[in-house]
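Here is the structure we will look at, set down as structure tokens.
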Amino acid sequence: MFNDLPDCILLHILSFLDTKRAVRTCILSTRWKDLWKHVPTLTLSCSNSYYVHWENLKCFSRFVSWILSKRDASTALHAVDFERRGLVDPNLLKRIVKYAVSHNVQRLQIHVKCEIQHFPSCFFSCYTLTSLDLYVGPRIYDQITLFPNSLKLPALTSLSLYQFAFPVDDNGRAKPFSTFNRLNSLFIDSCIVLDAQKLCISSATLANLTIQTKYRPVNFREIELSTPSLCTFAFNELFLNPMWMIPWLPPRDDPTVVSEPMVRRRIRPAPCIESLPDKGDQATRPVCSVATAVQV
């Protein structure tokens, strides 16, 4: 039955498989021998506890290198998903990122632990990337990866970052997202600002913003929002640290939905923003609400 299907349908089916399983289909027949080399997705997963042992991790690294060398170079990549338990060789991580960018990747998801201090901006100079989900956790808790100063990602609409450090300019302001002109959704978890200064989020297109502290408390003193299209803002502070905000706010008279874990209620106005300043007011106030999302 499968042999009657055109290659485009078979490739679509294979794109839902882990790359290792997709490669195994090469034994089915002569037609399937090289079919996996043209699959538009790469799912390089190593979440099974079997692979955590160092020797098996080295085998996994060799397997990934073999995949990248054997895959058809003319086939564009729609998506790359790289997830691995245990420590990742920085050279392997860099090779995967370079390969994805050079093959016009659209969606890139990386969840690994790696001893890498920073990513050169050229690694993420990609005009086709629309979604980036990046977690590069350190082996030691106190270490953290430095986020590049500037990235050329003009098509990016969705960005998720975990445990990154944002550098600041001469005025003590971190503006890591200022060049993303199409950004619609931003999720940052356990990220810090160097020297504990101000995090500035400025975007004319940003509609959904989530900031949480699952792995480490925030260290920045202020968040400054300039987001006229913002619809939903969620701030989940698990460590209960005080923080000050210069916020974009909805008009006072507008009904606001506040959602907490397992609870959803409609109020007018929401207690968490009841005494906050109106739009345009530059006064600041500490935010103490926990796991709270504001939707307008």
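Residue numbering for the sequence shown follows the UniProt record's numbering, beginning at 1 and increasing consecutively.
No residue lacks a Cβ here, since even glycine has one placed at the ideal position from N, Cα and C.
Proximity test, Cβ basis, 8 Å: residue i and chain C
| i | result |
| --- | --- |
| residue 231 | The displayed structure is made up of one protein chain only, and chain C is not part of it. |
6 Å Cβ shell around residue i - same chain, five flanking residues per side excluded
| i | result |
| --- | --- |
| residue 106 | 78, 128 and 130 |
| residue 64 | 44 |
| residue 3 | none |
| residue 110 | 82 and 134 |
| residue 158 | 131 and 185 |
Assigned secondary structure, residue i (DSSP; H/G/I helix, E/B strand, else coil)
| i | result |
| --- | --- |
| residue 225 | strand |
| residue 3 | helix |
| residue 118 | strand |
| residue 74 | coil |
| residue 135 | strand |
| residue 203 | coil |
| residue 16 | coil |
| residue 182 | coil |
| residue 98 | helix |
| residue 28 | coil |
| residue 230 | coil |
| residue 79 | strand |
Residue from the options whose Cα sits closest to the Cα of residue i
| i | options | result |
| --- | --- | --- |
| residue 137 | 231, 189 and 5 | 189 |
| residue 133 | 152, 81 and 115 | 81 |
| residue 11 | 30, 145 and 41 | 41 |
| residue 20 | 103, 62, 101 and 117 | 62 |
| residue 112 | 123, 102, 6 and 89 | 89 |
| residue 72 | 94, 91, 93 and 99 | 99 |
Neighbourhood of residue i by C-beta, 8 Å cutoff - its chain only, sequence neighbours within 5 removed
| i | result |
| --- | --- |
| residue 166 | 147, 174, 176, 191, 192, 193, 194 and 199 |
| residue 330 | Any question about residue 330 goes unanswered here, given that the chain covers just 1 to 296. |
| residue 220 | 174, 192, 193, 196, 197, 198, 199 and 243 |
The ligand GDP heavy atom lying under 7 Å from the CB of residue i
| i | result |
| --- | --- |
| residue 232 | Because no ligand of any kind appears in the structure shown, any question about the ligand GDP cannot be addressed here. |
7 Å Cβ shell around residue i - same chain, five flanking residues per side excluded
| i | result |
| --- | --- |
| residue 229 | 204, 205, 206 and 207 |
| residue 168 | 174, 193, 194, 195 and 197 |
Quick check: the stretch 179-187 against the stretch 147-154, are there 3 or more CB pairs under 8 Å?
The stretch 179-187 vs the stretch 147-154: in contact.
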